[in-house]
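If you read the sequences in order, they're chains R and D.
According to my numbering, the first sequence holds residues 100 to 571 in order.
According to my numbering, the second sequence holds residues 81 to 563 in order.
Ideal placement from N, C-alpha and C gives every residue a C-beta, glycine not left out.
Remember, it's a predicted structure, so these values are computed and weren't measured experimentally.
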Amino acid sequence: MRYIPVIGLEIHAELSTDSKVFCNCSSEFGGEQNTRCCPRCSGLPGTLPVLNKKAMEYAVKAGLALGCEINMHNSFDRKNYFYPDLPKAYQITQYLRPICVSGKVDIGGKIIRINRIHLEEDAGKLIHHDSDGLSLIDLNRCGIPLIEIVTEPDISSAEEAKAFVEAVSLNLKYAGVCDCRMEEGSLRVDVNISLMPEGATELGTRAEIKNLNSLKSIARAIEYEIYRQSELLDNGMNIIQETRRFDDNSGTTSSLRSKQEVHDYRYFPEPDIPAVIFTQDDIENIRSNLPKMPQERFEEYTVVFGLPEDDARLLISDKALSDFYNGAVSVYPNYKGIANLILVELLHLLNKSGLSMDSLLIPPQDIAKLVRLTDEGKVSRNAAKDILRIMFEKGGSPDAIARENGLLMETDTGAVITVIKEVLAHNQKAVDEYRSGKEKVFGFLMGQVSKKMGKGSNPKLIREELEKALKN
Amino acid sequence: MELNRLSLGTLRDMLDKKEISSVELTMLYIKRIKETDGKINSYITVCEEEALEQAREAQKLIDAGCAGSLTGIPVNIKDNICTRNIRTTCASKMLEDFIPPYDATVIRRLKAHGAVILGKTNMDEFAMGNSSQTSYFGGVKNPYDLNRVPGGSSGGAAASVAANLAPAALASDTGGSIRQPASFCGVTGLKPTYGAVSRYGLIAFASSLDQIGPIAKSAEDCGIVLDIIAGYDPDDPTTHKEVCCNSCGKIGMQLRDIKIGIPVEFFGEGISDDVKTAVSYAVKEYEKMGCSVQEVSLPSFKYAIAAYYLISSAEASSNLARYDGIRFGYRSKNGETYEDLIKNTRAEGFGDEVKRRILLGTYALSSGYYDEYYKKAVYARGMIREDYNEIFKTCDCIITPTAPTTAYMIGEQEINPVKMYLADICTVTVNIAGLPSISTTCGYDRNGMPVGMSIIGRPFDEATIIGVADAFEKVFGRQEVSL
C-alpha cells in the first residue's frame with residue numbers, strides 16, 4: 100500500500116546570548132568542565148532564577164523571524180523530573196504561555212506552520228566513562244537559554260524536513276539569535292512521524308525520534324522510519340507510540356521508551372519568576388532592530404535587481420555575504436556586475452584561502468568602486484581580478500592598487516594613435532594583407548599594439564582606433 | 081550583666097557610650113548559650129570564632145562613629161538561611177554537612193551593617209511543622225515550660241530570644257513559622273509582606289509563601305531588624321521596589337484614627353477560651369486607647385487550610401526534588417543505579433513529615449488531579465486575597481489570635497498530622513494573601529503560658545502594624561522567663 104508520511108518537528112535552538120537564561124554565567128560553547136556554572140545554575144539550595152531579559156528579546160526575535168505572533172503576557176512553568184544532568188530536578192520552561200505562537204515558514208512554495216515557540220533552560224551534559232563505569236556531570240551547558248520550535252504536522256518527506264530545518268536555521272542566523280551549529284549541539288531536532296494510508300483521513304500512530312544533530316541524520320532517520328512503519332503496516336502490524344533513538348552507524352532507529360513509561364511532568368507555574376508583560380512598543384522596537392529576512396532579500400534580488408535565482412539563493416545563504424552585497428550595490432547599483440564579481444571571484448578567493456566573510460579586509464564600497472572602474476573602461480576584466488586578489492590579500496583601495504600596478508587602462512586616444520602608427524609602419528606587409536581582404540591579420544595587429552602598450556592596454560580603444568587607421 | 085530586658089535600643093546606647101564592647105557583649109551571649117542552651121536545644125550551630133571576629137570588626141565601626149542600629153549587636157539565624165562557610169542544615173539529615181558557598185542576601189545585609197552572627201537556630205526539618213520537634217538534631221523546648229513545644233517551625237529562634245540567648249533572630253514564615261513560635265514563647269515575631277525581604281539564600285519550602293522576618297523582644301526591635309534586611313534585591317525578582325524603609329515610623333502615632341477589624345471566623349470553634357479571653361482583653365485595651373473596633377468577615381476562611389497545604393506541599397515537592405545525593409548533601413551508600421541511589425538517598429535523608437508533604441504535593445500536581453487539587457487551591461487563594469482586600473477598604477489592621485491554643489505538651493499533637501495542620505488555621509491566610517502580620521504577647525493562660533495575638537496589615541504597611549503592636553506592648557506587662 101502507499102502511505103503518506105505525516106511529520107512534525109521540534110527544534111531546540113540555543114540562543115546566543117552572552118550569559119545564561121537565569122544567571123550571569125557565560126553561555127559560550129565548551130570550556131573546561133564545570134567552570135561555567137554558579138550556585139544558581141548548579142541548583143544549590145536557596146538560589147533563585149533571575150530572568151535574562153536578553154533571552155526574552157532573542158526569543159521574540161526568533162518568533163518574528165519565523166512569522167509568529169508574540170504573546171504579550173509571558174509566564175514560566177516548572178517541568179518536574181529526576182535526571183542527573185538536571186540539578187534542580189525541574190526545568191524552567193513555558194508550558195501554559197509560550198512566548199510565540201502561529202508561525203509560518205515557506206520552504207519553496209509550501210508553507211510549514213509553527214504551532215509554538217517557548218523559552219526554556221538547557222540541561223547539563225553527562226559524560227559516561229565506559230572503562231570504569233563512572234558517569235560524570237558537566238554543568239557548563241546547564242541554564243543556557245533554549246527555544247523549542249514546535250511545528251504542525253505539515254511536513255511529508257525527508258527533503259521537506261531538511262528544507263524546513265535549513266530555512267529555520269537561516270532565519271535564526273539572520274535574526275542573530277542562534278548560530279545553528281548542529282555539530283556543537285546548538286540546534287537539535289526531534290522528529291514526530293506517522294504514516295497515513297493514501298486516501299485515509301485519520302492520522303496513524305506516531306513515533307518520536309529524539310535528538311538528531313545533523314541534516315543528514317534527520318533525513319536518514321525519516322527515511323528509515325517511513326520504511327520501518329510501512330513494513331509493519333503492510334504486514335498488518337500496529338505501530339507503537341514510543342520514543343526512538345537514531346543510530347548514525349547503522350542508519351536505523353530503535354526504541355527508547357514506550358508511552359506507558361511516559362513521564363508525568365507535574366507542570367505548575369514557576370513561583371520564583373514574576374510574569375513578563377510586553378507592550379506593543381516593546382515588540383515594535385525589537386522588530387525594527389531585525390534585519391531583512393532572507394526570503395525578502397531573495398524577492399528583492401530576483402524581482403527588483405533581476406538576478407538569476409541561483410545567484411540570489413547563493414547570496415542569501417550567508418547573511419554576511421548578503422549584507423556585503425547590499426553594501427556594495429547601495430553605493431553603485433550595477434546589481435549583476437557586483438553579484439558576478441562577488442559570487443565568482445570573491446567566493447573563489449574565500450574558498451581557496453579557507454577564510455570567512457568576517458575576516459574579509461575589503462569594505463563593500465571598494466567592491467563597488469572596482470566594478471565601476473571596469474564599467475568605465477578604466478581597468479580590464481582581467482586586471483579587475485588581479486586588483487581584487489591584491490585587495491583580498493593586502494587590503495587597499497582599487498584605484499590605488501590599479502595605479503601602483505600599472506593596471507589602469509590607457510584612455511588617451513592620442514597615445515594609442517601614436518603606437519598604432521608605429522606598429523602599422525613596421526608591419527606594412529600585414530597592413531597590405533588586411534586591406535586585400537585577409538581580415539584575420541587584424542588580431543595580429545591588435546596583439547602588437549597591446550604588447551607595446553603594456554599592462555594598461557585598453558582593448559576597446561585599440562580596436563576602435565586600429566579599425567579607423569586601417570580604413571584610411 | 082543581665083541580658084534580659086535589653087532592647088536593641090538599649091544595647092545600641094551601651095555600645096555607643098562604650099559601656100560595653102561588641103566583643104564583650106558577644107562573649108556574654110556565647111557564654112550564656114553554652115550554659116543554658118542544653119536545656120532548650122535552640123541552636124544547631126554556634127559560630128563562636130566567626131562571631132568574635134565580626135564583633136572585633138564591628139567595634140572598629142563603632143569606634144569610628146559609623147555604627148548603624150545593629151552594628152556590633154549579636155543576632156542568630158534560622159538554619160534554613162544560607163551562611164557562607166557555615167553549615168546550613170534545615171535541621172535535616174539531608175543537609176547535615178551542607179556548607180553553602182554563598183551568603184543569603186539578608187546575611188550579606190546584616191554583615192555589611194556590622195551585625196554579629198551568633199549561630200544557626202534549630203527548627204522543624206525544612207521548616208515543615210509547628211512544634212520544632214521534627215528536627216534531625218533533636219526537638220526544641222519551650223523556655224516557659226521545658227515539657228512543652230516552643231512552636232514552629234522557627235522554634236529555635238523564638239525560644240532563643242525568649243531565653244535571652246540572642247536579642248533578636250532572623251527566621252522564616254511560610255504558614256506561621258515566625259508568628260506561632262513567637263506566640264508560644266512569649267516574644268514578638270514579624271512576617272513581612274511577600275516581596276519585602278529577599279528570599280535569595282533562604283532554602284525554599286514553598287516559594288510563593290516563604291518570607292524571612294525577625295523575632296525579637298518587641299515590635300520596635302522587629303522593625304529595627306526589618307529595616308536592615310528589607311528592600312528590593314536584584315537577586316530575587318519577587319522582591320518589590322516600594323518596600324517600607326522606616327518600619328518604626330508610626331511608633332507613638334495617634335491611635336484615635338486607627339480602625340481595627342476583628343474577623344469573626346478566627347474566634348469560632350477550636351480556639352481555646354484562654355486564647356479568646358487574652359485577645360479580647362487586648363482589643364479592649366485598643367478601644368481604650370481610642371481605636372475604633374469593628375467586626376469583619378473572611379468568608380473564604382474555611383478553604384484556607386486546604387489551600388495552604390495543597391499549594392505549599394505542591395511547591396515543596398518540586399523545591400525538595402533537588403536533594404538527590406548527586407551534587408551535595410546526604411548520599412545513601414546503597415543503590416547500584418541512579419534511580420536506586422536517589423530513592424535510597426531520599427528515603428534515608430528525609431524525615432517522615434517532609435516525606436508526607438512531598439507525597440501530598442506530588443499527588444496534588446499529578447496529571448488527573450491537578451485540576452481537582454492544585455488549581456482549586458489557587459482559586460481559593462484568589463478568594464482569600466479578595467476577602468482581605470474587602471476588609472482593608474474599611475480597616476487599617478486586623479487582629480486575630482496567632483494560634484488556636486497556647487504551647488502544648490511535647491508529644492501531644494505530632495502523632496496526628498491532620499490535627500497538627502489544623503492548628504495553622506490562624507496564620508496561613510496571611511501567607512496565602514502575602515500580607516504583613518506581627519504577633520505579640522497579649523496574655524498568659526492558666527498554666528502561665530504566653531498567648532499571642534496577630535496584627536495583620538495592608539501590603540507593605542509594616543509601619544502601621546508595628547506602631548499598633550508597640551502601643552499595646554507599652555501598656556502590657558510582659559513576663560520574662562527564668563531559665
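> R:ALA164 to R:LEU218, Cα distance in whole Å?
Replying inline: 15 Å
> chain R partners of D:GLY569, CB-CB under 8 Å?
Replying inline: With chain D covering only 81 through 563, there is no way to say anything about residue 569 of chain D.
> Could you check where the beta strand (DSSP E) with D:ILE292 kicks off and where it finishes?
Replying inline: 291–296
> Can you name the residues that DSSP bridges to R:PRO244?
Replying inline: R:GLU220
> At least one CB of chain R closer than 8 Å to the CB of D:CYS162: is that the case?
Replying inline: yes
> Which residues in chain R sit within 9 Å of D:ARG188, going by Cβ to Cβ distance?
Replying inline: Those do not exist, as D:ARG188 stays about 12 Å from chain R at its closest Cβ, beyond 9 Å.
>> As a quick exercise: from R:SER313, R:GLU395, R:ARG215 and R:ILE308, pick the residue whose alpha carbon is nearest that of R:LEU283.
In response: In the sequence as displayed, the identity of residue 283 of chain R is Glu instead of Leu. Nearest C-alpha to R:GLU283: R:SER313.
> Given that a residue counts as buried once 16 or more other Cβ atoms are within 10 Å of its Cβ, and exposed if not, what is R:MET336?
Replying inline: exposed
> How big is the Cα-Cα spacing for R:ASP64 and R:VAL264?
Replying inline: The requested residue 64 of chain R does not occur in the structure, where chain R is confined to residues 100 to 571.
> Are the region 188–202 of chain D and the region 157–169 of chain D touching by the rule of at least three beta carbon pairs closer than 8 Å?
Replying inline: yes
> Quick one: is R:LEU449 near chain D, going by C-beta distance under 8 Å?
Replying inline: no
>> On the criterion of 16 or more Cβ atoms from any shown chain inside 10 Å, does D:PHE217 qualify as buried, or is it exposed?
In response: buried
> Taking a cut of 8 Å between CB atoms, which residues from the region 306–320 of chain D lie near chain B?
Replying inline: Although the question refers to chain B, the structure presented lacks it and instead comprises the protein chains R and D.
> So, using beta-carbon positions, are D:PHE206 and D:PHE285 closer together than 8 Å?
Replying inline: yes
> Mind checking whether D:LEU515 and D:THR273 have CB atoms under 8 Å apart?
Replying inline: yes
> Taking 8 Å as the CB-CB cut-off, is R:ALA188 touching chain D?
Replying inline: yes
> When the Cα atoms are used, what is the spatial distance from D:LEU249 to D:SER102?
Replying inline: Note on residue identity: the sequence assigns Ala, not Leu, to residue 249 of chain D. Approximately 17 Å, taken between the alpha carbons.
> Helix or strand or just coil, what does DSSP make of R:PRO296?
Replying inline: strand
>> Give me the residue from D:VAL376, D:MET208, D:ARG336 and D:TYR488 with the minimum Cα distance to D:GLY370.
In response: D:ARG336
>> Less than 8 Å between CB atoms is the rule here; does R:SER141 satisfy it with respect to chain D?
In response: yes
>> Since D:LYS173 and D:GLY429 should fall inside the 8 Å C-beta cutoff, what is the C-beta to C-beta distance between them, to a whole number of angstroms?
In response: 5 Å
>> Let me make sure I understand the geometry here. Which of R:GLY303, R:ALA299, R:ASP371 and R:LEU286 has the alpha-carbon closest to that of R:ILE292?
In response: R:GLY303
>> Please report whether the beta-carbon of R:ASN384 lies at a distance below 8 Å from any beta-carbon of chain D.
In response: no
> Residues bridged to D:SER534 by DSSP?
Replying inline: D:THR480 and D:SER519
> Under a Cβ-count criterion, where at least 16 other Cβ atoms within 10 Å of its own Cβ denotes burial, should R:MET508 be classed as buried or exposed?
Replying inline: buried
> Residue range of the beta strand (DSSP E) that R:SER316 falls in?
Replying inline: From DSSP, R:SER316 is part of no beta strand (DSSP E) but of the alpha helix (DSSP H) over 314–333.
> Using DSSP with H/G/I as helix, E/B as strand and the rest coil, what is D:LYS97?
Replying inline: coil
> What are the uninterrupted segments assigned as alpha helix (DSSP H) that are 4 or more residues long and contained completely in the region 381–420 of chain D, given in chain order?
Replying inline: 384–399
>> In the DSSP output, which residue or residues are listed as bridge partners for R:ASP256?
In response: The sequence shown places Ser at residue 256 of chain R, rather than the Asp named in the question. DSSP, once it has assigned bridges, lists no residue as partnering R:SER256.
>> Quick check on the burial criterion: 16 or more other C-beta atoms within 10 angstroms. Buried or exposed for R:LEU195?
In response: exposed
>> Strictly by DSSP, which residues pair up with D:ALA248?
In response: D:ALA296
> Any beta-carbon of chain D closer than 8 Å to the one on R:PHE175?
Replying inline: no
>> Between D:ARG402, D:ILE406 and D:PRO484, which has its C-alpha nearest R:ALA188's C-alpha?
In response: D:ARG402
> Mind pulling the beta strand (DSSP E) runs of 3 or more residues that sit fully within the region 162–246 of chain R?
Replying inline: 176–179, 189–192, 199–205, 210–220, 224–228 and 233–237
>> Please classify D:ASN227 as buried or exposed, where buried requires at least 16 neighbouring CB atoms within 10 angstroms.
In response: exposed
> Interface residues of chain R around D:SER287 at Cβ under 7 Å?
Replying inline: PRO370 and ASP371
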